[in-house]
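Numbering (our numbering), first residue to last: 20 to 768. All residues carry an ideal CB built from backbone N, CA and C; glycine is no exception. Since the structure comes first, as structure tokens, the remarks are kept for the end.
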């Protein structure tokens with residue numbers, strides 16, 4: 020394609036988008052748009068941000084407390100870049116609830132303070148909201164407009180009426196009714212509003228209230244009956260900024276009070292939220308400077324083209340983060356790292372939305388979100404001034420994640436073959452996530468629970484709590500009765516320390532520290548992949564650096580906070596996974612055979628519990644359930660010390676509970692009884708350890724120079740095993756060899 024043709028094609032597309040998006044409007048055209056969609060154009064910043072969250076939708080996701088609503092805006096749907104927030108659904112719902120409070124109050128009257136340990140996703144949550152705002156502002160339903168003032172050239176006014184005129188811009192007698200659509204050559208000056216004043220502010224407040232209420236009423240809104248829409252104080256009572264107000268008054272005086280002639284100078288422009296260009300959203304880092312200021316522009320010699328009507332008018336132009344973020348969101352990162360005097364103005368601003376400057380008072384409409392770590396917040400609470408701030412701040416706690424699969428999502432998104440320059444072996448990020456979560460868990464406090472379950476709670480080990488939170492899995496050592504009791508306590512245990520200053524998730528390894536460990540492990544010269552074994556070595560080294568990582572100094576309590584022991588715990592979990600995957604890849608026993616055995620056993624137990632006879636598959640006769648066969652299975656799958664009768668009744672009760680929750684679903688026994696299937700697999704492979712050892716040795720020979728020592732049949736079996744390991748679990752030959760070598764050394768030596 021020729022350059023000229025390409026540029027013409029792009030130019031045509033840009034022009035079409037400009038017209039389609041209605042980027043420039045006259046005030047009359049904007050009013051027409053407003054009457055068509057009063058709700059969309061009558062939103063304040065809190066309503067807009069709430070609509071951003073609603074726009075992307077929600078879904079219900081599993082959670083230790085049952086299920087919880089997740090807002091998809093935090094999945095970064097508008098970009099391919101990494102920006103997704105893993106977990107933290109409780110925080111998402113808290114933000115949505117607070118925005119709803121602002122909407123119902125009709126004003127943004129508090130600062131939202133996200134507080135938690137370093138690296139707990141406070142900034143990531145806000146960045147996801149900003150990213151969503153950017154994308155939403157480009158959608159038709161997210162369109163926002165601001166006011167600007169245009170002044171045509173003297174030549175146009177005096178002798179060339181109609182120059183640059185567009186349809187709908189002229190009156191019947193040839194006089195322009197708007198200067199909004201004039202070409203740049205026909206304008207002497209265009210003055211945008213730095214605060215992005217709402218176009219409706221051009222309507223006097225006395226008339227605006229009835230205009231807004233009438234338009235909303237026609238759409239069935241604002242009456243509290245059909246939709247939760249409350250007109251904000253900002254839209255109802257707000258006024259033009261100081262600069263725009265002085266321009267408006269000067270023009271009104273110049274035209275002898277002719278309001279319609281003043282409106283000819285009003286140009287309505289669509290604007291888009293932008294983080295890069297600080298439009299509608301700004302992040303303020305810890306600094307000493309004030310966040311807003313003003314400069315006089317009418318005395319600037321570059322403004323000699325001001326129209327005569329403004330020559331005697333003193334104009335000031337505000338600037339700074341507060342101004343740039345107006346009608347959107349401002350984030351104060353690590354707010355409490357700044358000296359108190361630097362943000363004391365937030366006392367008044369968070370309550371009144373006004374900031375006094377020397378020449379005038381700024382009236383702003385923006386959601387204020389700040390972040391702080393726990394140390395700075397604790398110190399802030401000790402200051403006398405905290406009492407003044409307390410009623411103007413909404414504290415939202417952001418702890419570390421406590422579910423390792425959710426934690427793993429963070430690393431899987433950022434630790435890839437592209438980012439580390441080599442293949443990422445199975446379980447490399449998983450073992451890192453498990454160890455990170457183990458460092459964050461606190462020992463349950465038995466005294467908070469009923470007397471009959473205190474011993475049960477007191478004996479929960481860190482790794483058992485890890486699996487209780489993630490899969491809702493109880494320790495295999497427990498009887499079915501105790502398993503049920505512990506599962507009932509899952510939600511209470513997860514929320515146990517929420518009211519404590521030293522809550523669970525306040526301390527431990529941060530995701531940032533774990534990512535550094537993963538990148539370091541990727542450089543381990545002993546492995547051709549980023550291997551789980553390299554990660555374990557890196558975690559072991561990290562545990563020795565107690566002068567750098569404060570969480571390593573915690574006192575060990577009944578196995579909790581024993582971070583070096585956690586490396587060994589995670590290693591055991593890793594070995595379990597590798598062992599299971601290698602066994603499965605060898606195809607010695609299919610999952611279907613386990614399922615069939617369990618189904619036949621459950622069928623016998625069901626008839627036994629009801630006291631019914633069952634049909635013998637061989638003879639066809641009705642007879643009592645085979646006690647010997649049931650006992651044979653129970654010897655493998657039943658917890659030690661439990662009575663067979665209690666175990667059987669417990670199984671049937673679990674099936675009944677599953678059926679109540681899934682009345683239409685197929686009975687998924689591996690999901691209902693995971694421990695039973697695990698014990699069956701372990702029993703089978705324990706009996707066949709010799710065969711397993713031989714097969715694994717063959718795999719290692721095949722991957723070494725001794726391949727020729729294997730028969731053609733053995734080589735074919737190994738090839739099938741490696742193919743399954745690659746296709747089903749993601750191993751390459753290098754990481755498969757390292758994993759099997761380690762497994763053989765640890766469990767089959």
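Counting along the chain, residue 500 sits inside no beta strand (DSSP E); it lies in the alpha helix (DSSP H) bounded by residues 499-507. Taking 8 Å as the upper bound for CB-CB distance, residue 448 and residue 537 are in contact here, some 7 Å apart. In the three-state scheme derived from DSSP, where H, G and I count as helix and E and B as strand, residue 107 is classed as coil. Among the bridge pairs identified by DSSP, residue 168 is matched with 210 and 285. For residue 375, the enclosing beta strand (DSSP E) covers residues 373-375. Pairing residue 168 with residue 284 gives a Cβ-Cβ distance under 7 Å.
Nearest Cα to residue 483 within the set 540, 500 and 506: 506.
For residue 301, the enclosing beta strand (DSSP E) stretches over residues 300-303.
Excluding residues up to 5 positions away in sequence, 594 lie with their Cβ nearer than 7 Å to the Cβ of residue 765 in the same chain. Among the bridge pairs identified by DSSP, residue 642 is matched with 633. Residue 566 has its alpha-carbon roughly 60 Å from the corresponding atom of residue 56.
Rounded to whole angstroms, residue 274 and residue 258 show a C-alpha spacing of 21 Å.
Secondary structure of residue 657 (DSSP, three-state): coil.
Residue 529 and residue 422 have their C-alpha atoms spaced approximately 13 Å apart. Residue 604 places its beta carbon less than 7 Å from that of residue 740. Taking C-beta separations shorter than 7 Å and ignoring five residues to either side along the sequence, the partners of residue 110 in its chain run 144, 415 and 417, following chain order. The shortest CA-to-CA distance from residue 164 to any of 206, 286, 106 and 400 is the one to 286. Between residue 413 and residue 131, the C-beta gap is smaller than 7 Å, which places the two residues in contact. A straight-line Cα-Cα distance of about 36 Å links residue 599 and residue 569. The alpha-carbon separation between residue 492 and residue 81 amounts to approximately 14 Å. Per the coordinates, the alpha-carbon of residue 503 lies some 39 Å from the alpha-carbon of residue 760. In this structure, residue 332 lies near residue 269, with their beta-carbon atoms less than 7 Å apart.
Put simply, of 399, 542, 424 and 663 the residue whose alpha carbon is nearest the alpha carbon of residue 498 is 663. For the alpha helix (DSSP H) assignment, the uninterrupted runs of no fewer than 4 residues enclosed by the segment 422-458 are, from N- to C-terminal side, 423-433 and 436-439.
The C-alpha of residue 141 is placed about 15 Å away from the C-alpha of residue 94. Beta-bridge partners assigned by DSSP to residue 616: none are found. As DSSP reads the structure, residue 389 sits in a beta bridge with 132 and 351.
Taking residue 578 as the centre and dropping the five residues before and after it, the same chain places the C-beta of 480 and 481 closer than 6 Å to its C-beta, in chain order. Classified as exposed, residue 641 has fewer than 16 neighbouring CB atoms from the shown chains inside 10 Å of its CB. Bridge pairing for residue 161: absent [DSSP]. Contact between residue 419 and residue 527 is confirmed by a C-beta separation of about 6 Å, below the 8 Å threshold. Bounds of the alpha helix (DSSP H) holding residue 690 are 688-691. Cβ atoms of residue 227 and residue 346 stay farther apart than 8 Å, at about 17 Å.
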